[in-house]
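Numbering-wise, UniProt numbering puts 196 at position 196 of the sequence shown, and it's gapless, one number per residue. C-beta: ideal position from N, C-alpha, C; glycine also. Given the structure is predicted, the values throughout are model-derived calculations rather than measurements. As structure tokens, the structure follows; a few thoughts come after it.
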Amino acid sequence: MATYAVGDIQGCYDPLRRLLDKLKFNPEHDRLWVAGDMVNRGPDSLATLRYLKSLESSCIAVLGNHDLHLLAAACGIRKLKSKDTLADLLDAPDADELIQWLRYRPMLHHDAQRNITMVHAGIPPIWTVEQAIEEAQHLEQALRSEDYIKWLRKIFKSSKPCPWSDELKLKKKLRLTASYLTQMRFCNAQGMLDLESKGSTPQEGYAPWFTFPQSPCYREHIIFGHWAALEGISGHDNIHAIDTGCVWGKSLTAINVDSFERTEVFN
Numbered sequence: 001m002a003t004y005a006v007g008d009i010q011g012c013y014d015p016l017r018r019l020l021d022k023l024k025f026n027p028e029h030d031r032l033w034v035a036g037d038m039v040n041r042g043p044d045s046l047a048t049l050r051y052l053k054s055l056e057s058s059c060i061a062v063l064g065n066h067d068l069h070l071l072a073a074a075c076g077i078r079k080l081k082s083k084d085t086l087a088d089l090l091d092a093p094d095a096d097e098l099i100q101w102l103r104y105r106p107m108l109h110h111d112a113q114r115n116i117t118m119v120h121a122g123i124p125p126i127w128t129v130e131q132a133i134e135e136a137q138h139l140e141q142a143l144r145s146e147d148y149i150k151w152l153r154k155i156f157k158s159s160k161p162c163p164w165s166d167e168l169k170l171k172k173k174l175r176l177t178a179s180y181l182t183q184m185r186f187c188n189a190q191g192m193l194d195l196e197s198k199g200s201t202p203q204e205g206y207a208p209w210f211t212f213p214q215s216p217c218y219r220e221h222i223i224f225g226h227w228a229a230l231e232g233i234s235g236h237d238n239i240h241a242i243d244t245g246c247v248w249g250k251s252l253t254a255i256n257v258d259s260f261e262r263t264e265v266f267n
């Protein structure tokens, strides 16, 4: 039995199946972790989501920013953008079933036995892993509630960036939690986000979220996607970047979560 974590699939169904074939993945024995952004921008989000759902308990997939965007588009909160490739999924006869499945995916997965945490974007340096788990659960509860559309609307409501504080109102906490877990690349030591910089050069005073030594997560094994510009290299042995830009014509990468051996296929 092996467990593999795969980076941002983004609707690249064919590379996903070729990667799993290369790994000799067998859902009866093996497990697949998906680091978010299952859909969008690639050619076949519908087949990707249907396949991941079909794996049932053999698949643990966390939500990424594109997955949240799909949830918001499905209930009319956001309009599809010109580069989105979600129309066929939203028009599919099983769209409601797929959206319902997506709503119940976790925001973060923590394997206590292995001491590994998987998240789409990252964990801010002001949080412990335990706090990240707690805040992720609050967001999960909101997305699974009867009022999930209300909470999605609050999550996507634009507001000025602010640092984390335990005194924030719940709606601001949920919005900031979603930003940390699904959008973060650069931040400062106080948890203020720089969401404008996407390459390798942040604004002055900001740095990659995983480079702050005071952060407890600095000593944890963390698997994350979201940041294709890193090309799978974080520079830290315990911080495993696995978005290698498949949707941009590069590769789809899987990591064995026990040996940390990497396997990739090219798009």
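Residue 99 and residue 139: beta carbons closer than 8 Å?
Stepping through the sequence shown from its first residue, residue 99 is reached at position 99. Stepping through the sequence shown from its first residue, residue 139 is reached at position 139. Not closer than 8 Å, so no.
Alpha carbon of residue 106 to alpha carbon of residue 6, nearest angstrom:
Residue numbering aside, residue 106 sits at position 106 when the sequence shown is read from its first letter. Residue numbering aside, residue 6 sits at position 6 when the sequence shown is read from its first letter. In a straight line, the C-alpha of residue 106 is about 16 Å away from that of residue 6.
Residue 171 to residue 79 span [Cα, whole Å]:
The residue given as residue 171 occupies position 171 in the sequence shown. The residue given as residue 79 occupies position 79 in the sequence shown. Their Cα atoms are separated by approximately 22 Å.
Just reading off the alpha helix (DSSP H) that residue 14 is part of, what are its end residues?
For this step, residue 14 is matched to residue 14 along the sequence shown. From DSSP, the alpha helix (DSSP H) with residue 14 extends over 13 to 23.
Nearest residue (CA-CA) to residue 255, options 25, 164, 37 and 142
Within the sequence shown, residue 255 is the residue found at index 255, counting from 1. Cα-wise, what sits closest to residue 255 is 25.
Please name the residue, chosen from 214, 203, 265 and 83, that lies closest to residue 189 on a Cα-to-Cα basis.
Here residue 189 refers to the residue found at position 189 of the sequence shown. Looking at the Cα atoms, 214 is the closest of the given residues.
Find out if the Cβ-Cβ distance for the pair residue 265, residue 103 is shorter than 8 Å.
For the purposes of this step, residue 265 is identified with residue 265 of the sequence shown, where counting begins at 1. For the purposes of this step, residue 103 is identified with residue 103 of the sequence shown, where counting begins at 1. It is not a contact, given that the beta carbons lie outside the stated cut-off.
Three-state class that DSSP yields for residue 62 in the structure shown:
The count along the sequence shown starts at 1 and reaches residue 62 at position 62. Here residue 62 sits in coil by DSSP.
If we count the other Cβ atoms within 10 Å of its Cβ and call it buried at 16 or more, is residue 122 buried or exposed?
As a first step, residue 122 must be located in the sequence shown, where it is residue number 122. Result: buried.
Nearest-angstrom Cα distance between residue 35 and residue 239?
Within the sequence shown, residue 35 is the residue found at index 35, counting from 1. Within the sequence shown, residue 239 is the residue found at index 239, counting from 1. The alpha-carbon atoms of residue 35 and residue 239 are separated by roughly 13 Å.
Below 8 Å on the Cβ atoms is my guess for residue 85 versus residue 40; work out the distance and round it to an integer in Å.
In the sequence shown, residue 85 corresponds to position 85, counting from 1. In the sequence shown, residue 40 corresponds to position 40, counting from 1. Yes, residue 85 and residue 40 are in contact; Cβ-Cβ is about 6 Å, under 8 Å.
Got a sec, what are the start and stop residues for the beta strand (DSSP E) residue 151 sits in?
Looking up residue 151 in the sequence shown gives position 151. It is not in any beta strand (DSSP E) - residue 151 instead sits in the alpha helix (DSSP H) that spans 148 to 155.
On the criterion of 16 or more Cβ atoms from any shown chain inside 10 Å, does residue 228 qualify as buried, or is it exposed?
Taking the first residue of the sequence shown as 1, we reach residue 228 at position 228. With 16 or more Cβ atoms within 10 Å of its Cβ, residue 228 is classed as buried.
Suppose you measure from the CA of residue 43 to the CA of residue 167; what does that come to, to the nearest Å?
As a first step, residue 43 is located in the sequence shown; it is residue number 43 there, counting from the start. As a first step, residue 167 is located in the sequence shown; it is residue number 167 there, counting from the start. Roughly 43 Å between the two C-alpha positions.
Excluding the 5 residues preceding and the 5 following residue 109 in the sequence, name in chain order all residues of the same chain whose CB lies nearer than 8 Å to its CB.
The residue labelled residue 109 in the question sits at position 109 within the sequence shown. Here the set comprises 33, 60, 62, 117, 118 and 119.
Reduced DSSP secondary structure (H/G/I, E/B, other) of residue 187
To locate residue 187, count along the sequence shown from 1; it is residue 187. Reduced to three states, the DSSP call for residue 187 is strand.
Using only the heavy atoms of the ligand MN, determine whether one of them is closer than 7 Å to the beta carbon of residue 127.
Here there are no bound small molecules, and the ligand MN is not part of this structure.
Check whether residue 224 and residue 241 have beta carbons under 8 Å apart:
Translated into the one-based positions of the sequence shown, residue 224 becomes position 224. Translated into the one-based positions of the sequence shown, residue 241 becomes position 241. Yes, they are a contact pair.
Hey, how far is the Cα of residue 75 from the Cα of residue 149?
As a working mapping, residue 75 is identified with position 75 in the sequence shown. As a working mapping, residue 149 is identified with position 149 in the sequence shown. Near 7 Å, if we compare the C-alpha coordinates of residue 149 and residue 75.
What do you reckon, are the CB atoms on residue 64 and residue 221 nearer than 8 Å?
Reading the sequence shown from its first residue, position 64 is the one you call residue 64. Reading the sequence shown from its first residue, position 221 is the one you call residue 221. Cβ atoms of residue 64 and residue 221: not closer than 8 Å.
With a floor of 4 residues, list each alpha helix (DSSP H) that falls wholly inside the segment 174 to 240, ordered by position along the chain.
none
Rounded to whole angstroms, what's the CA-CA distance from residue 30 to residue 257? Just pull it up for me.
Here residue 30 corresponds to residue number 30 of the sequence shown, with the count starting at 1. Here residue 257 corresponds to residue number 257 of the sequence shown, with the count starting at 1. So the two alpha carbons sit approximately 12 Å from each other.
Which runs of the alpha helix (DSSP H), 4 residues or longer, sit entirely within the segment 27 to 74?
You should have 45 to 54 and 65 to 74.
Please classify residue 113 as buried or exposed, where buried requires at least 16 other C-beta atoms within 10 Å of its C-beta.
Translated into the one-based positions of the sequence shown, residue 113 becomes position 113. It counts as exposed.
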